[in-house]
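Take the sequence shown: its letters are residues -29 to -1, 1 to 427, numbered as in mature numbering (1 follows the signal peptide of the UniProt record, and there is no 0).
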Amino acid sequence: MKCPQGLQVRVRHAICIASMIVIATPSFAGQVGVRQNSVGGVMVDAGGVVRAATPMEQQKLLLDVRAKVRAADGEMAKPADLRMISLKGLQAAIAEALATGDDLPEEIRYLAGLQRIEYVLAYPEQNDIVIAGPAEPWIVRDDAAVVGAISGQPMMLIDDLVTAMQSVEAARQGGISCSIEPTAEGHQRLNRLLSKVQLRNGQNPKSLEPQMKQAFGPQMVKLNGVPTDSHYARILVAADYQMKRIAMGLESSRIAGLPSYLEMARGSITQSNANPRWWMACDYNSLSHSDDKLSWKLSGRGVKTMTENDLIGANGQVVGNAKADPKAQKWADLMTEHYGELSQQFPVFGQLRNMIDMSVVATLIVQERLDETAGVNLDLLMGRGSEVPVAVYTAPAAISPECSFLRGRKGWIVTTSGGVDINAFEIVENQAADATLGAVHSKASAAAGSTWWWNG
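Here it is as structure tokens:
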């Protein structure tokens, strides 16, 4: 997202980001009457304009979620180091619910309590593909997020798996991405405003915030690779937003080792036309596989934060890129290091990581033709014919800006750039053989009489 700059006035550095209040909340696939435009603190009107939900709306959402979400029971109420999910069995369970007109039960909506996907296993003799990873029972937090009762990490959702499976081809050319960008008119208005500003000695730059917001105007949301009305899309926007709020000091990270970029950079910025830009991208080790390519393993953090400097001309347009500012790079590294803790404090980050896992798995299945190898028909999950009912939201289209200020030695910096960039094809292309995965394949095989999920 690009923002006007190159404005030499006596005030020092100002950093402005477009933001909104979005926290991960559950979807209610297959349930009538719970499709909402409220997702954890944000409301989107019929025109796609984002606003903060009122306390009354937030409380209503929490009550709705707690009324709809049934606790895990039986074996699913226990954690498991390795829980297997049969994609063939999952499809059958969904089809059964659709045939009887029932809502999708929690065990389907939350993918049997799965927290991450670590393995993808093809079984030609059983005509099946199995995904596997750690799992635990779920609880509803006070912010309406559905998270693991032990780890506090958000649950994987059937909605996001379906979107990932059905978006592989759409993402083939440009990947899956999100950005929030200002309008040309906003650039011009803010340029005119800031060119006239003369602050008096001792005047707080924050006094300009209302004028800057009004001049800069709403930012446009751009999404690529997934349906803009999907839960997946909402989380992309939410994660981008939350990263910027933390970086700019508009909201605390709640983690001692992760200060805001503003705190780290105070007094050190010397280039007035170099705006730091951050974005989140995939972070995996090589995708390992058995010699027969029936067993695959995902490893790595899943998400990393990256940065570079955009060089901004006087007209507010990007004229090139520069080496990342050392403080901006340090902040990006700290966010990557603390990503797991952030996912507990802000579930949206964990949901982003979960969605990236799912997109890598979906791309792997398509690229390696694992469904053909296993002889399994995944038409329901792939959206070929009948479709899994998923929550649909009004697509976010515009977001109002918020501003934070930093005193430096030259001019003003106004930056809103960044985003999310998911290139699952690049991850799938980076492969390495691992002879030990054959043992996992044998261990994870379904026992006689198993349901669509079981523990290893």
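For each residue, glycine too, the CB sits at the ideal point set by N, CA and C.
By how many angstroms is the C-alpha of Ser57 removed from the C-alpha of Arg272? Along the sequence shown, read from residue 1 onward, the residue named residue 272 stands at position 301. Along the sequence shown, read from residue 1 onward, the residue named residue 57 stands at position 86. Approximately 24 Å, taken between the alpha carbons.
Closest by C-alpha distance to Asp392, when choosing among Ser421, Pro367 and Cys149: Reading the sequence shown from its first residue, position 421 is the one you call residue 392. Here the closest residue by C-alpha is Cys149.
Based on the DSSP secondary-structure assignment, which residues constitute the bridge partners of Phe85? Here the question's residue 85 lines up with position 114 in the sequence shown. Before going on, a small fix: residue 85 reads as Leu here, not Phe. Answer is Ala106, bridged to Leu85.
Quick check: Gly356 and Gln137, are their CB atoms within less than 8 Å of each other? Stepping through the sequence shown from its first residue, residue 356 is reached at position 385. Stepping through the sequence shown from its first residue, residue 137 is reached at position 166. It is not a contact, given that the beta carbons lie outside the stated cut-off.
Rounded separation between Trp250 and Ala417 - CA only: Residue 250 sits at position 279 when you count from the first residue of the sequence shown. Residue 417 sits at position 446 when you count from the first residue of the sequence shown. When rounded, the distance between both Cα atoms is 40 Å.
Measuring alpha carbon to alpha carbon, tell me which residue in Val331, Thr307, Ser330 and Val332 is nearest Phe320. In the sequence shown, residue 320 corresponds to position 349, counting from 1. The residue with the shortest Cα to Cα distance from Phe320 is Thr307.
For Gln185, the first and last residue of its enclosing alpha helix (DSSP H): As a working mapping, residue 185 is identified with position 214 in the sequence shown. Per DSSP, Gln185 belongs to the alpha helix (DSSP H) from Glu180 to Phe187.
Please state the DSSP three-state secondary structure of His260. Residue mapping note: residue 260 aligns to position 289 of the sequence shown, counting from 1. The answer is strand: DSSP assigns His260 an E or B state.
Excluding sequence positions up to five away, which residues of its chain have a Cβ less than 6 Å from the Cβ of Val20? Against the sequence shown, residue 20 aligns to sequence position 49. The answer, listed in chain order, is Ala369.
In the structure shown, what three-state DSSP assignment does Ser57 receive? On the sequence shown, position 86 is the one that residue 57 refers to. Looking at Ser57 - three-state DSSP - the assignment turns out to be strand.
So, Glu152 versus Met191, is the Cβ gap smaller than 8 Å? Taking the first residue of the sequence shown as 1, we reach residue 152 at position 181. Taking the first residue of the sequence shown as 1, we reach residue 191 at position 220. Yes.
Within this structure, are the beta carbons of Thr334 and Ala395 separated by less than 8 Å? By one-based count along the sequence shown, residue 334 stands at place 363. By one-based count along the sequence shown, residue 395 stands at place 424. Contact flag set, yes.
If you measure between the beta carbons of Ser231 and Leu313, is that distance less than 8 Å? Taking the sequence shown and counting its residues from 1, the one referred to as residue 231 is at position 260. Taking the sequence shown and counting its residues from 1, the one referred to as residue 313 is at position 342. Not closer than 8 Å, so no.
Look up Ala24 in the DSSP assignment and say whether it is helix, strand or coil. Numbered from its first residue, the sequence shown carries residue 24 at position 53. Three-state result, Ala24: coil.
Count the CB pairs spanning the stretch 61 to 75 and the stretch 107 to 119 that are closer than 8 Å, and state whether there are at least three. no
Go ahead and pull the three-state DSSP assignment for Gly284. In the sequence shown, counting from the first residue as 1, residue 284 sits at position 313. Annotation note: pLDDT 47 at Gly284 (below 50); position unreliable, no value reported.
Gly287 classed as buried or exposed, judged by whether at least 16 other C-beta atoms fall within 10 angstroms: Looking up residue 287 in the sequence shown gives position 316. Its pLDDT being 48, under 50, Gly287 is placed unreliably by the model, and nothing is read from it.
Local conformation of Ala120 per DSSP, three classes: Translated into the one-based positions of the sequence shown, residue 120 becomes position 149. Coil.
Leaving out the 5 sequence neighbours to the left and right, which residues in its chain are closer than 7 Å to Val133 when beta-carbon positions are compared? Counted from its first residue, the sequence shown places residue 133 at position 162. Excluding sequence neighbours, Val133 sits near Leu352, Val359 and Val361.
Going along the chain, which residues of its own chain have a beta-carbon closer than 7 Å to the beta-carbon of Glu89, five neighbours each way excluded? For the purposes of this step, residue 89 is identified with residue 118 of the sequence shown, where counting begins at 1. Here the set comprises Ala103, Gly104, Lys268 and Leu269.
For the 8 Å Cβ check, are there 3 or more pairs between the stretch 196 to 214 and the stretch 139 to 147? yes
Distance CB(Met127)-CB(Leu85) smaller than 8 Å: Working through the sequence shown from its first residue, we reach residue 127 at position 156. Working through the sequence shown from its first residue, we reach residue 85 at position 114. Going by C-beta atoms, Met127 is nearer than 8 Å to Leu85.
Please check the pair Met277 and Ala303, which I expect to be a contact at CB under 8 Å, by giving their CB distance rounded to whole angstroms. As a first step, residue 277 is located in the sequence shown; it is residue number 306 there, counting from the start. As a first step, residue 303 is located in the sequence shown; it is residue number 332 there, counting from the start. Right, the Cβ-Cβ distance comes to about 6 Å (below 8 Å), so this counts as a contact.
Select from Thr407, Thr422 and Asn426 the residue whose C-alpha is nearest the C-alpha of Ala415. Mapped onto the sequence shown, residue 415 falls at position 444. Out of Thr407, Thr422 and Asn426, Asn426 has the C-alpha closest to the C-alpha of Ala415.
Do Leu207 and Met219 come within 8 Å of each other at the CB atom, strictly closer than that value? In the sequence shown, the residue the question calls residue 219 occupies position 248. In the sequence shown, the residue the question calls residue 207 occupies position 236. No. Outside cutoff.
If you reduce the DSSP assignment to three classes, tell me which class Met251 lands in. Residue 251 sits at position 280 when you count from the first residue of the sequence shown. DSSP places Met251 in strand when its eight states are reduced to three.
Identified DSSP bridge partners for Gly220: Numbered from its first residue, the sequence shown carries residue 220 at position 249. Checking the DSSP bridge columns, you'll see Gly220 has no partner listed.
Here's a check: name, in chain order, each residue in its chain whose Cβ is nearer than 8 Å to the Cβ of Ile226, leaving out the five neighbours to either side. Working through the sequence shown from its first residue, we reach residue 226 at position 255. So the qualifying residues of the chain are His309, Glu312, Leu313 and Gln316.
By the DSSP assignment, the alpha helix (DSSP H) with Ser231 in it spans what residues? Reading the sequence shown from its first residue, position 260 is the one you call residue 231. Careful: Ser231 lies outside any alpha helix (DSSP H) and carries neither H nor E.
Enumerate in chain order the residues of its own chain whose CB-to-CB distance from Arg41 is below 6 Å, with the five nearest sequence positions on each side excluded. Residue numbering aside, residue 41 sits at position 70 when the sequence shown is read from its first letter. Excluding residues within five positions, the ones whose Cβ falls inside 6 Å are Glu77.
Top-ranked residue by Cα proximity to Val139, from Val331, Pro367 and Asp342: Start at 1 with the first residue of the sequence shown, and residue 139 comes out as number 168. For Val139, the nearest C-alpha among the options comes from Val331.
Beta strand (DSSP E) segment containing Glu152, residue limits: For the purposes of this step, residue 152 is taken as residue 181 along the sequence shown, with counting starting at 1. Run containing Glu152: Ile147 to Pro153, per the beta strand (DSSP E) assignment.
In the DSSP assignment, the beta strand (DSSP E) including Asn195 goes from what residue to what residue? Mapped onto the sequence shown, residue 195 falls at position 224. Taken as a continuous stretch (DSSP letters only), the beta strand (DSSP E) holding Asn195 covers Gln190 to Asn195.
8 Å Cβ cutoff met for Ser178 and Asp405: For the purposes of this step, residue 178 is taken as the residue at position 207 of the sequence shown. For the purposes of this step, residue 405 is taken as the residue at position 434 of the sequence shown. Cβ atoms of Ser178 and Asp405: not closer than 8 Å.
Burial state of Met329, where buried means 16 or more other Cβ atoms lie within 10 Å: Stepping through the sequence shown from its first residue, residue 329 is reached at position 358. Classification for Met329: buried.
Reference Arg237, options Asp296, Ile79 and Asn98, closest by Cα: By 1-based counting over the sequence shown, the position of residue 237 is 266. The shortest C-alpha separation from Arg237 is found at Asp296.
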